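Comments concern the structure below.
Residue numbers (my numbering), protein chains in the order written: chain A, 42 to 473; chain B, 42 to 473.
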C-alpha cells in the first residue's frame with residue numbers, strides 16, 4: 042500500500058484495459074468471491090475497525106461520525122447482500138445501443154463499455170468502500186479509492202480482501218488501489234493521462250476544490266440548495282407535511298430543502314400553519330420582508346438565498362408567482378432537486394420545463410432524490426453537472442460507449458467521388 | 042454586436058431557459074424561417090463574403106483557406122438544404138427515456154432536455170456557422186459562436202439574419218450571439234456560471250489551451266493520432282488500398298492515419314508493396330529498426346509515435362503481435378479512431394475489446410469517422426473524451442436529461458420507517 046500515486050494510477054490504467062475485456066461471468070464470480078472472503082475474514086475486519094473506533098474516541102470525534110465509522114456484523118450482512126444483488130443484476134457491458142448499415146457489408150455499431158479509471162473520494166463509512174468498488178467491478182472499471190483517514194485501518198483490510206479475492210477470480214493486479222492522504226488526492230488531480238473521471242463525495246468546499254483544480258472530468262455536486270415552491274393552488278393541508286419532511290427528515294443531506302418559496306396569494310393562509318409545524322421541529326425560520334408581514338421571524342439576508350444550511354434552518358421568500366419562483370431557483374439553486382406543490386397542471390408543466398435542475402418534482406418531497414429510491418440498486422453519487430450523468434448516478438453513469446465499424450476492407454474515396462452512396466439503414470441489431 | 046461577453050453569456054443563460062420551454066413546432070418554424078431569410082438576403086451575405094475574401098487575398102492567405110472562406114450560391118443551397126432537412130428530422134426533446142413507478146401514484150420519469158448554453162469555436166468556414174447554430178436551435182440550446190476572424194463580415198451578417206428570422210418566429214432575444222476576438226474567448230473560459238459546454242474546433246494547441254484553462258466541460262479532441270494495425274492474417278491486396286485511403290485521401294483531417302503497425306509475420310511481404318503504393322502518393326515514410334530491414338526509409342524517432350502529422354508523412358512500426366499493437370495504440374494514440382485489418386475473428390474481437398478509442402474499426406479505413414458518414418445528419422465535432430459523448434457528436438450530444446417525479450404530496454418519512462415500501466416497477470411509459 043505504499044506505492045506512489047503515479048504508479049497506482051498508471052497501474053490502474055493498464056489494468057482497466059484488461060478489466061474491460063473480461064467476461065461478465067468472471068466479474069460476477071469475483072463479486073461473489075469478495076462476498077465470501079469478507080465473511081470468512083470478518084474477524085480481521087472487525088479488529089481493524091475496533092482500532093479505528095478507539096482512535097476516533099480518543100480523538101473525541103463526534104457521535105454521528107463514530108456511528109458511520111462502525112463496521113459490525115449488521116454492516117457486513119448489508120454489504121454482502123449488496124454484493125450478491127449486484128452479481129445477479131443484468132450485465133450492461135457490450136450492449137449494442139445503436140446499429141446502422143452504412144453500406145452493404147459495412148456496419149456501424151455503438152457498444153457500451155467501461156469508462157476506464159475512476160477515482161472516488163468518499164466519506165468515513167467503510168461500507169461505502171465495498172459498495173463503490175463493487176459498482177466499479179460490475180461496470181468493469183478500475184478504481185482508485187480515498188476514504189476518510191479515521192477509517193484507515195478498516196479501509197486497508199477491506200481493500201486487501203477485495204483485491205485478493207478478485208485477483209484470485211481473474212481480475213488483473215492493480216484494478217483497485219487505495220489512496221491514503223490528502224496529498225495523495227492533490228497529486229492525483231494532475232494525472233489526467235491515467236484517470237478518466239473523479240467522483241468526489243465530501244464537504245462542499247472539498248468538492249469545489251477538486252472541480253477547480255483538475256482537468257479530469259468531475260462527476261458530483263458541490264452544493265445541494267433545494268427549493269420547494271408552494272403554488273397558489275397547492276393543497277395546504279397536504280403541503281405542510283411535505284415541507285416538514287423536505288426540511289427536517291434528515292437535515293444534513295444534499296436533498297433537504299434549504300429555501301421555501303410561497304405564492305403571495307396563499308402566503309397569508311399558509312405561512313402561519315407552516316410556522317407552527319416547523320416550530321414543533323425546532324426549525325429556525327428566516328424570511329423576506331413580505332414573509333415577515335405574516336409570521337414573526339428573523340430577516341433573511343441576501344446570502345441566505347445562496348446558503349446550504351444542512352441544519353434546522355429554513356429561508357422563506359414570498360414570490361409573485363411561478364415566473365419569480367423559477368427565476369429565483371435558476372439563479373440561487375444548485376441544479377440539484379426542486380419541487381412545486383400545486384393542483385394546477387399547467388403550472389406543474391411550466392415548472393418542469395423552466396426549472397433547470399437534475400430533479401424537478403411535482404407534489405413530492407425533495408428527499409426522494411437518491412439512487413436507491415430511484416431503483417438504481419446503488420449510487421456512486423448525485424451529479425449536478427449537465428453533461429454525462431445527471432441526478433443520482435448508478436452503474437449507467439460509469440459506462441461510456443465506443444463505435445465499432447465492421448467492413449470488408451472498405452475505404453472512403455468512392456463515397457467522396459460519388460461512385461458509391463451510403464445506405465444509412467437503421468438495423469437495430471441486438472448483437473454485433 | 043458590441044456587448045461584453047459577460048452580458049452575452051448571461052443573456053444566453055436567460056434565453057436558454059425560455060428556449061427549452063418552446064414547442065417543437067416553434068423551433069421547426071424558426072429553422073424554416075432562417076432558410077427563407079438566408080435566401081431572401083443572399084446578396085447581403087455575398088457582399089459581406091466578398092469583403093472577407095478581398096481582405097484575405099490582400100493578406101496573402103493560402104488557397105485552401107480562401108476556398109473554405111467562400112460563401113457562394115452553391116454553399117447557400119447546401120446550408121438551406123441542411124436547414125430544411127433538420128426541420129424535418131424527429132424532435133428529440135421531451136422524450137421519456139425511462140419511467141419507474143416508485144409507489145402507487147408516485148412516478149419517476151427521465152426526460153430528455155437541452156444542455157443550456159453551448160459555446161462553439163469553429164474554423165473559418167462561414168457555412169459551419171449556419172450548421173452549428175441550426176443544430177443548437179433544433180436541440181433547444183442557446184449558443185455563443187466564435188468563428189475565424191478572416192470571416193468576420195460574413196459571420197456578422199449570418200448571425201444577424203439568423204437572429205432576426207428566429208426571434209420573429211418566437212425565439213427569445215439573446216439565444217444566439219457572436220464572439221469576435223480571441224480575447225472574447227479567453228474571457229468566456231471563466232464564465233462557468235453561464236456556459237454549460239464548450240465545443241472547440243481548431244488547431245490542437247488551441248483546443249488544448251481551452252481544455253487546460255477552463256472549468257467548463259469541453260467536448261472535442263486535441264489530437265487525432267489514428268492507427269491502422271495490419272494483422273498477420275490480413276488480406277494484403279485488400280489492405281494496401283485501405284492504408285493508402287486512411288493516409289492520403291485527405292491528409293489534413295483528424296481521422297487520417299498517422300502511424301501504421303505491421304505484424305512481424307507479414308512485414309516482409311507487406312511492407313515493400315505498401316512502400317510502392319505510398320511512393321505513388323508521395324508519402325514520406327519513417328520506420329522503426331525492424332521496418333527498415335524490409336524497406337529503405339528514414340528512421341522514426343520516439344517523438345514520431347506521438348505526432349499528428351496532418352501531412353503526407355507516415356510512421357511505421359513492426360510489432361510482435363496484437364498485444365504489442367494494442368499497447369502501442371493505448372499508449373501513443375489519442376483515443377480517436379483505430380483500425381485492425383485482419384481475417385481472424387478472434388483477433389478482431391480482442392482488438393475491439395482492448396483498444397480504448399472512440400472508434401474501433403475492423404477492415405475499414407479510419408476516414409469513415411465522421412458524423413455525416415455515421416448518419417447523424419450533422420456533427421458538431423468529434424469527441425475523444427470518455428464521458429458524455431464520444432466519437433462524432435450529433436444532436437444527441439447536445440442533450441441531457443432531467444428526472445421528473447410526479448406524486449400526490451408524498452414525503453419520504455414513511456419509507457424510512459418501513460411503514461411504506463417502494464414498488465420500483467418499470468413502467469416504460471412513452472409520455473408523462
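For each residue, glycine too, the CB sits at the ideal point set by N, CA and C. Everything numeric in this text was worked out from a predicted model, so none of it was measured.
Assuming residue i contacts residue j (C-beta within less than 8 Å), just tell me the rounded distance between them.
i	j	result
residue 304 (chain B)	residue 331 (chain B)	Contact flag wrong, Cβ pair sits at about 11 Å.
residue 219 (chain B)	residue 421 (chain B)	Actually they are not in contact, since the Cβ atoms of residue 219 (chain B) and residue 421 (chain B) sit about 17 Å apart, beyond 8 Å.
residue 439 (chain B)	residue 167 (chain B)	No, residue 439 (chain B) and residue 167 (chain B) are not in contact; Cβ-Cβ is about 21 Å, not under 8 Å.
residue 60 (chain A)	residue 181 (chain A)	5 Å
residue 291 (chain B)	residue 324 (chain B)	In fact, because the Cβ distance is near 13 Å, the residues do not count as touching under 8 Å.
residue 347 (chain A)	residue 376 (chain A)	Going by Cβ atoms, the distance from residue 347 (chain A) to residue 376 (chain A) rounds to 13 Å, so no, they are not a contact pair.
residue 136 (chain B)	residue 399 (chain A)	Contact doesn't hold; Cβ gap of about 17 Å is too wide.
residue 118 (chain A)	residue 469 (chain A)	Rounded, the Cβ-Cβ distance is 43 Å, inconsistent with contact.
residue 93 (chain A)	residue 195 (chain A)	5 Å
Is residue i near residue j, with beta carbons less than 7 Å apart?
i	j	result
residue 326 (chain A)	residue 345 (chain A)	no
residue 282 (chain A)	residue 261 (chain A)	no
residue 299 (chain B)	residue 349 (chain B)	yes
residue 366 (chain A)	residue 463 (chain A)	no
residue 58 (chain B)	residue 445 (chain B)	no
residue 287 (chain A)	residue 408 (chain A)	yes
residue 451 (chain B)	residue 147 (chain B)	yes
residue 53 (chain B)	residue 212 (chain B)	no
residue 124 (chain B)	residue 75 (chain B)	yes
residue 174 (chain B)	residue 203 (chain B)	yes
residue 170 (chain B)	residue 127 (chain B)	no
residue 158 (chain B)	residue 237 (chain B)	yes
residue 131 (chain B)	residue 165 (chain B)	no
residue 341 (chain B)	residue 329 (chain B)	yes
residue 380 (chain A)	residue 308 (chain A)	no
residue 245 (chain B)	residue 267 (chain B)	no
residue 233 (chain A)	residue 257 (chain A)	yes
Could you name the residues of chain A that residue i contacts, counting a contact when the two beta carbons are closer than 8 Å?
i	result
residue 290 (chain B)	452, 453, 454, 457
residue 56 (chain B)	Chain A residues near residue 56 (chain B): none, gap ~12 Å exceeds 8 Å.
residue 403 (chain B)	445, 446, 447, 448
residue 362 (chain B)	Chain A residues near residue 362 (chain B): none, gap ~15 Å exceeds 8 Å.
residue 238 (chain B)	427, 428
residue 408 (chain B)	452, 453
residue 62 (chain B)	391, 394, 395
For residue i, report the span of its alpha helix (DSSP H) as first-last.
i	result
residue 325 (chain A)	Segment 325-328 is the beta strand (DSSP E) holding residue 325 (chain A); no alpha helix (DSSP H) there.
residue 167 (chain A)	167-179
residue 441 (chain A)	No alpha helix (DSSP H) holds residue 441 (chain A); the beta strand (DSSP E) holding it covers 440-451.
residue 51 (chain B)	46-61
Could you name the residues of chain B that residue i contacts, counting a contact when the two beta carbons are closer than 7 Å?
i	result
residue 465 (chain A)	416
residue 286 (chain A)	452, 453, 454
Just reading off the beta strand (DSSP E) that residue i is part of, what are its end residues?
i	result
residue 183 (chain A)	183-187
residue 160 (chain B)	158-162
residue 143 (chain B)	137-144
residue 457 (chain B)	Element bounds for residue 457 (chain B): not the beta strand (DSSP E) but the alpha helix (DSSP H), 454-458.
residue 150 (chain A)	147-155
residue 334 (chain A)	Careful: residue 334 (chain A) lies outside any beta strand (DSSP E), inside the alpha helix (DSSP H) at 332-335.
residue 356 (chain B)	354-360
Applying a beta-carbon distance threshold of less than 9 Å, which residues of chain A neighbour residue i?
i	result
residue 282 (chain B)	450, 452, 454
residue 279 (chain B)	449, 450
residue 353 (chain B)	Here the premise fails: no neighbours, minimum Cβ distance about 16 Å.
Residues of chain B with a CB under 9 Å from the CB of residue i: which are they?
i	result
residue 156 (chain A)	427, 428
residue 247 (chain A)	Chain B residues near residue 247 (chain A): none, gap ~16 Å exceeds 9 Å.
Please list the partners that residue i has in chain A, where partner means a Cβ-to-Cβ separation under 7 Å.
i	result
residue 252 (chain B)	256
residue 147 (chain B)	405
residue 371 (chain B)	58
residue 442 (chain B)	431
residue 393 (chain B)	445
Name the chain B residues whose beta carbon is nearer than 8 Å to that of residue i?
i	result
residue 323 (chain A)	Neighbours of residue 323 (chain A) on chain B: none; closest Cβ ~17 Å, over 8 Å.
Which runs of the beta strand (DSSP E) fall wholly inside the segment 243-313 of chain B and span at least 3 residues, in chain order?
Every beta strand (DSSP E) of 3 residues or more that sits fully in the segment 243-313 of chain B is shown, in chain order, as 267-271, 298-304.
Ranges of the alpha helix (DSSP H) found wholly within the segment 368-435 of chain B, counting only runs of at least 4
If you keep only unbroken alpha helix (DSSP H) runs of at least 4 residues inside the segment 368-435 of chain B, you get 386-395.
To test your reading of the DSSP string, which unbroken alpha helix (DSSP H) runs of 4 or more residues are found completely within the segment 76-129 of chain B?
Correct list: 83-99, 104-110, 114-129.
Whole runs of the beta strand (DSSP E) within the segment 191-251 of chain B, excluding any shorter than 3 residues
Fully enclosed beta strand (DSSP E) runs of 3 or longer: 217-220, 238-241.
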